[in-house]
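All residue numbers for the sequence shown refer to the numbering used here, where the first residue is 11 and numbers rise by one. Glycine included, each C-beta is placed from N, C-alpha and C at the ideal position. Everything on this sheet refers to the single structure shown next.
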Amino acid sequence: MQKKVQLILVAVFLCVSAKVNAQDDLSLQAILIDSVLTKNANAIVRSEDIVITINSINSVTVKTKRVVTVLNKYGNPYADLSEYYDPEVKIKKVQAIVYNALGQEVKKIRRKDFKDRSVYDGGSLIDDNRILYFEHTPTEYPYTLVYECITENKSTAWIRPWFPIGGVYLSVEESKYTVINPKKIPLRTNEKQFNGYPVDVKRGDQELTYKLSRIAAIEPEQKGPPIRELVPNAKIALKDFSLVNVEGSAMDWKSFGKWQYDNLVSGRDELSTETIRKVDALVSDAKTNREKAKRIYEYVQKKSRYVGIQLGIGGWMPMLASDVDRLGYGDCKALTNYTKALLDSQGIESYYCVVWRDDYKRNIDPEFASLEGNHVILNVPDGEKDIWLECTSQTLPFDFNDSTTDDRNVLVVKPDGGEIKRTKKYMPEENTLHTMATISLQPDASIEAEVTSVAKGLQYDWRYLTKLESVKDQKLYFKEYWDHINNLNILSMDLEDDKDNIKYQEKVKINARNYATKAGSRLLVIPNVFNRLNGKMTKYKDRKTPLVISRGYVDTDEYIINIPVGYSINKLPEVKVFETVFGIYKNSLEKIDESTLKYSRTLRINDGSYPKEKYEEYRQFMSKIRNADKSKIVLKQQ
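This is the structure in structure tokens:
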């Protein structure tokens with residue numbers, strides 16, 4: 011790949027006219043890029059200069075100049091030409107210039123060329139966030155984009171952080187980040203992953219600078235941590251700040267959480283007398299607070315729907331509970347606050363919580379208080395345990411964290427201040443899939459089967475939404491899930507979502523032609539019909555990152571296999587057992603009678619973070635399982 015890129019650059023340099031105009035910039039010639047930086051790269055940040063000037067607690071100016079060379083189509087996302095703004099943010103300058111491989115100017119993009127639209131995502135009803143953007147369509151590669159922008163923000167509760175390495179397959183020639191603080195407003199810094207990187211830090215009386223140079227592109231590694239946990243980054247926060255004209259002061263999560271409660275949450279929980287009467291009747295015969303909370307949660311699910319609210323301080327402050335009650339909609343903040351108000355009406359303690367919602371268990375940083383998170387959920391203390399409620403979902407069961415909010419630090423906003431808590435972690439034995447099947451093998455090598463699967467824990471989360479799909483899509487789901495079965499026909503499906511016990515059951519009847527392989531008078535059969543580990547793992551000569559298994563689980567399978575009349579198995583395979591620190595696998599085949607076999611399989615995977623040296627052992631463990639899952643038995647015709 012590296013040699014190919016270099017040859018292309020040389021060819022372009024030799025073949026394209028070298029006429030130089032005043033507006034050209036020969037320093038941007040792609041041929042000048044060090045081969046160390048082009049290796050494995052889709053794009054290179056030639057230079058990035060971010061200057062943040064803190065004018066006051068009500069004003070911060072951000073000047074950005076970014077030069078990016080894009081080597082191929084996969085690097086286009088790094089040549090971003092967009093800027094978000096709202097009534098608090100003023101874009102004072104925005105422009106860009108596109109250069110070809112020789113540093114010759116191709117296009118000048120002025121502010122008037124940028125398009126302006128609402129950041130309306132289809133789920134937002136009220137939204138004053140806007141985006142200024144230009145859609146550049148490259149005609150050749152490589153090209154270089156020079157982007158300049160100046161913004162002024164009246165809100166200082168969030169200061170743009172420094173993330174010099176913005177993604178994988180991206181090299182960085184130079185990135186510089188400067189904070190100028192002429193009024194010496196007290197600020198806090200949080201620096202992560204600086205070790206192992208040549209970060210140059212300069213601290214002055216009124217100025218702080220970070221600089222990073224000559225960083226080769228990072229290739230993602232299978233089962234590795236997200237890039238944000240690998241690369242250097244820094245966050246800045248002011249002790250005294252402003253958020254949409256609401257001033258505050260905080261040094262830690264306790265004080266920052268109290269500010270959020272006092273200024274964003276408190277006083278927004280009033281409900282009408284009529285609504286409180288309805289809730290009283292709803293929970294009148296409930297024996298425990300948990301049962302009351304469950305009824306209220308399900309009441310909210312039936313009554314309301316999610317609609318984004320991103321207007322001014324409303325982007326941070328929930329709607330009034332009375333408005334949600336009247337209108338029947340709200341965003342995550344509003345629906346969480348509304349549920350909290352309903353619980354309050356019954357004397358049930360609950361707390362508004364800020365969380366990072368994603369599949370990668372992103373944490374609210376317990377060591378550095380700042381304006382974080384992208385979602386809100388509700389915490390209901392229940393004795394020594396915690397109930398967690400996802401109030402925006404109309405489908406998730408009560409007290410169930412799905413894989414977007416499980417096992418991570420969240421900020422619990424309380425009247426006396428903020429507290430960091432951790433959401434529920436599901437142990438492997440809680441994330442179960444138990445599959446039972448009766449399989450009839452026919453003399454023509456086809457099969458007929460009835461299969462029942464019961465999923466719990468996060469395995470429930472990974473499957474339960476199938477019930478809401480059309481029959482056509484449900485059949486497609488099973489065909490994709492069992493894509494190793496050729497000629498598969500789905501004859502019937504019975505899907506049951508037991509939300510009270512958080513259990514999802516699938517009963518499916520299938521048939522498939524030519525499942526087994528005929529070889530003369532023999533039939534070659536894979537007894538593991540329904541639950542095989544597929545997909546190979548990459549082998550690395552020099553792995554760079556730790557092995558991360560995000561979530562553990564346990565699969566158990568029991569299949570009764572009826573063999574055709576006139577066939578028998580002479581020799582049963584040995585029991586296979588593989589045990590490692592990552593988990594355990596076992597399969598066995600036993601003979602019930604002359605016409606019946608029983609196949610059993612258990613796979614337990616343990617979650618955790620393991621040293622990079624352990625990856626190869628894990629890869630081999632997975633490889634053994636794949637081979638065992640597709641091992642065949644021989645049935646002989648008598």
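Query, Result
"Cβ-based burial, GLY267 [other Cβ within 10 Å; buried from 16]", "buried"
"ARG121 versus ASP90 - alpha carbon distance", "15 Å"
"Runs of alpha helix (DSSP H) lying entirely within the segment 434-513, each at least 4 residues, in chain order", "468-471, 481-491"
"Stretch pair the segment 508-521 + the segment 567-577: three plus CB contacts closer than 8 Å", "no"
"Rounded C-alpha distance that separates TYR143 from SER92", "4 Å"
"Beta-carbon gap between ASP59 and LYS49 smaller than 7 Å", "no"
"Pairwise C-alpha distance: GLU479 and GLY338", "24 Å"
"Run of the alpha helix (DSSP H) containing TRP269, from where it starts to where it stops", "263-270"
"DSSP-derived helix/strand/coil call for TYR157", "strand"
"Which of helix, strand or coil DSSP assigns to PRO391", "strand"
"Anticipated Cβ contact below 8 Å, GLN647 with ARG532, distance rounded", "7 Å"
"Per-residue DSSP class, three states only, for LEU557", "strand"
"Minimum C-alpha distance to GLU150 - residue among PRO556, TRP366, ASN82", "ASN82"
"Touch test, the segment 537-556 against the segment 628-644, Cβ-Cβ under 8 Å, three pairs minimum", "yes"
"Continuous alpha helix (DSSP H) assignments of at least 4 residues falling wholly in the segment 161-191", "none"
"DSSP three-state assignment for GLY133, whether helix, strand or coil", "Model confidence at GLY133 stands at a pLDDT of 48, short of 50, so the residue's coordinates are unreliable; what they give is reported in the following sentence. Note: GLY133 maps to coil in three-state DSSP."
"Neighbourhood of GLU158 by C-beta, 6 Å cutoff - its chain only, sequence neighbours within 5 removed", "LYS75, GLN105"
"For ARG636, the nearest candidate out of ARG542, ILE571, GLY258, TYR94 (CA to CA)", "ARG542"
"Distance CB(ILE228)-CB(VAL178) smaller than 7 Å", "yes"
"Start and end residues, alpha helix (DSSP H) containing ALA344", "342-354"
"Residue environment, MET261, which counts as buried when at least 16 other CB atoms sit within 10 Å", "exposed"
"Element boundaries [alpha helix (DSSP H), containing SER531]", "First-last for SER531: undefined, no H or E at that position."
"ILE101 versus PHE588, SER598, ASN499, ILE160, residue with shortest Cα-Cα distance", "ILE160"
"Distance, ASN616 Cα to SER57 Cα", "43 Å"
"Beta-carbon spacing of VAL422, ASN389 below 7 Å", "yes"
"DSSP-derived helix/strand/coil call for ALA226", "coil"
"Cβ pair count under 8 Å reaching 3, the segment 215-230 against the segment 282-299", "no"
"Closest by C-alpha distance to LEU292, when choosing among VAL256, LYS302, PRO97, GLU490", "LYS302"
"TYR84, DSSP secondary structure in three states", "helix"
"Pick from THR63, ALA244, ILE520 that is closest to PHE378, judged by C-alpha positions", "ALA244"
"THR527 versus LEU451, GLU584, GLU490, residue with shortest Cα-Cα distance", "LEU451"
"Outcome for ASP341 when other beta-carbon atoms lying within 10 angstroms are tallied against a minimum of 16", "buried"
"For TYR84, the nearest candidate out of GLU600, ASP123, TYR153, GLY530 (CA to CA)", "TYR153"
"Entirely enclosed beta strand (DSSP E) segments - the segment 359-404, minimum 3 residues", "361-365, 385-392, 395-399"
"Entirely enclosed alpha helix (DSSP H) segments - the segment 34-80, minimum 4 residues", "45-48"
"Same chain only: Cβ atoms within 6 Å of ASN392, ignoring 5 sequence neighbours per side", "The question names Asn, but residue 392 is Asp in the sequence shown. Excluding positions up to five away in sequence, the list reads ARG300."
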